[in-house]
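Visitor:
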Amino acid sequence: MLDLGLNSSANNTLDRDENVALIEVSVSATILCLAIVGNVCVLISLANRRKRLSRMHLMILHLSLADLFVAFFNVLPQLAWDITYRFEGGQFLCVAVKYCQVVAMYASSYVLLATAIDRSV
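Counting in the UniProt record's numbering, the sequence shown runs without a single skipped number right up to 121 at its last residue.
1) Secondary structure at D15, three-state DSSP: helix, strand or coil?
2) Drop a sphere of 10 angstroms on the beta-carbon of F92, count the other beta-carbons inside from all chains shown, and report buried for 16 or more, exposed for fewer.
3) Relative to the alpha-carbon of L61, which residue among D15, C33, I44 has its alpha-carbon at the smallest distance?
4) What ranges does the beta strand (DSSP E) occupy inside the segment 32–82, keeping only unbroken runs of at least 3 residues that lie completely in it?
5) Can you list, in chain order, the residues of its chain with a C-beta nearer than 7 Å to that of residue 174? Leave out the 5 residues immediately preceding and following it.
6) When you compare only the Cα positions, how much space is there between V20 and L63?
7) In or out: A104 buried (at least 16 other Cβ within 10 Å) or exposed?
8) Contact defined as beta carbons within less than 8 Å: I believe S108 pairs with A71. What is the distance between those atoms, to the nearest angstrom?
9) Leaving aside the five residues before and after L34 along the sequence, list all residues of the same chain whose C-beta is less than 8 Å from its C-beta, in chain order.
10) Beta carbon of L68, beta carbon of N39: below 8 Å?
11) For the putative contact between D118 and R55, defined by C-beta atoms under 8 Å, what is the C-beta separation to the nearest angstrom?
12) In angstroms, rounded to a whole number, what distance separates the CA positions of S28 and L79?
13) Using the C-alpha atoms, what's the distance from T84 back to L112?
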């Protein structure tokens, strides 16, 4: 039977492994930095184009924006959670962050799907 009491044996199973947490924070921070720098470079290169954007360039623009959305609303909250080991926001912020995480992932997937359909048709 599961013992959910506050005795020492229950607390030992819920302790955080600091070595694993350090690796998670390092990987998340690296992913966040690469996503921001890479997608900002893509946006700058698209903004510096002299010609009008083609359909493919427009899809790349939308994919880059969706990836930035994933970086800021999916990776960044996870990084903050890994650093603090708990969610510091209230109920509304928790729901808003979880909603944005799902929307960001779907937006990125749907832009890729739209690009694939556009290229095949």
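Using N, Cα and C, we set each Cβ at its ideal position, and we do this for glycine too.
Guide: According to the structure shown:
1) Reduced to three states, the DSSP call for D15 is coil.
2) Of the residues assessed, F92 falls on the exposed side of the cut-off, its CB having fewer than 16 other CB atoms within 10 angstroms.
3) When C-alpha distances from L61 are compared across D15, C33, I44, the shortest belongs to I44.
4) Runs of the beta strand (DSSP E) inside the segment 32–82: none found.
5) Because residue 174 is not part of the residues shown, which for the chain are 1 to 121, the question remains open.
6) One C-alpha to the other measures close to 32 Å.
7) So A104 ends up on the buried side.
8) That belief does not hold up - the Cβ atoms of S108 and A71 are roughly 10 Å apart, past 8 Å.
9) Hits under 8 Å: none found.
10) For L68 and N39, yes; Cβs fall inside 8 Å.
11) Between R55 and D118 the Cβ distance is about 6 Å, and since that is below 8 Å, they are a contact.
12) Straight-line Cα distance between these residues: approximately 6 Å.
13) Take the alpha-carbon of L112 and the one of T84: they are about 33 Å apart.
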